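Notes for the one structure printed next.
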Amino acid sequence: MSGKPPPVLISESDIEKRVTELAIQISGDYQDKGDLVLVGVLKGAFVFLADLSRRMTIPRTIEFIAVSSYQSGSLSSGAVRLVMDVRGSIEGRHVLIVEDIVDTGHTLKYLIGMLQSHRPASIRTCTLLHKADSAEVDIDIDYIGFSIGDEWVVGYGLDYAEHDRTLPYIGTVTPTD
Ligand code: PRP
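According to the numbering used here, the residues represented by the sequence shown are 677 to 853, in order.
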């Protein structure tokens, strides 16, 4: 986007503090369980996954998965399409899905079902942001960074029409379509 930077919703320092807390909590929960497979959901989770994974203290490996769920702009269709599957085998392994944001929940519900078919030892879910009031499906989220309202957010991996993913903080924008 051009013009003024988006107003700050969650500052860089608050994100850093919370991501560190989550990394410590997750590391404790998976202590002595062997290798944890972190599955980052492209594109939005790439920044969160990078920071979260580097602050963990347990053995972990990184996978990525890509889905398409939103139309261009601000409207969600509810339909989820797999664009890229995990590359390595997750059979018999502990998996943590890492999302940047859970909004309606359709994407995460789809991903849990899809990854279950790979027969992992367990699947848990982690998201930096959760729009609790926007939920359309019932799913358990094991680790939540911040609960937010029904606003459009950008930065720290999240975009608006591919803009502002590299902002270091979470900001708000007003959709124009
Ligand atoms: C965002 C986000 C989640 C999904 C959540 O991805 O990364 O995957 O939407 O929405 P839901 O809970 O309503 O299903 P998006 O489709 O914007 O793609 P991107 O990560 O590539 O920007």
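Note that beta-carbon positions come from the ideal geometry of N, C-alpha and C, so glycine has one too.
Since the model is a prediction, treat every value here as computed from it, not as a measurement.
With respect to 7 Å, is the separation between the Cβ of residue i and the closest non-hydrogen atom of the ligand PRP below this value?
i: Thr842; result: no
i: Ser744; result: yes
i: Glu692; result: no
i: Val717; result: yes
i: His782; result: yes
i: Ile777; result: yes
i: Ala726; result: no
i: Glu835; result: The sequence as given places Asp at residue 835; Glu does not occur at that position. Asp835 Cβ: within cutoff of the ligand PRP.
i: Ala797; result: no
i: Ala721; result: yes
Would you mind stating whether residue i and residue j have Cβ atoms separated by less than 8 Å?
i: Cys802; j: Asp816; result: no
i: Leu712; j: Ile734; result: yes
i: Gly833; j: Gly720; result: yes
i: Val762; j: Thr783; result: no
i: Leu843; j: Phe724; result: no
i: Val715; j: Ile741; result: yes
Suppose you measure from the CA of residue i to the CA of residue j; what does that come to, to the nearest Å?
i: Ser744; j: Leu758; result: 7 Å
i: Ile686; j: Phe722; result: 18 Å
i: Leu772; j: Leu787; result: 11 Å
i: Ser748; j: Asp840; result: Bear in mind that the predicted position of Ser748 carries a pLDDT of just 49, short of 50, making it unreliable; the figure below should be weighed with that in mind. If I take the Cα positions, the gap works out to 15 Å.
i: Gly781; j: Asp809; result: 11 Å
i: Leu718; j: Met760; result: 9 Å
i: Glu697; j: Ala837; result: 30 Å
When burial is assigned at 16 or more other CB atoms within 10 Å of the CB, is residue i buried or exposed?
i: Gly679; result: exposed
i: Gly754; result: exposed
i: Arg769; result: buried
i: Ala699; result: buried
What would DSSP say about residue i, mapped onto helix, strand or coil?
i: Val723; result: helix
i: Asp776; result: strand
i: Glu838; result: coil
i: Met760; result: strand
i: Val771; result: strand
i: Arg795; result: coil
i: Thr852; result: coil
i: Tyr819; result: strand
i: Val813; result: coil
i: Ser748; result: Note that Ser748 scores a pLDDT of 49, beneath 50, so its modelled location is shaky and nothing firm can be said.
Would residue i count as contacting chain B if we go by Cβ distances under 8 Å?
i: Leu758; result: The chain labelled as chain B is not found in the depicted structure, where only one protein chain is given.
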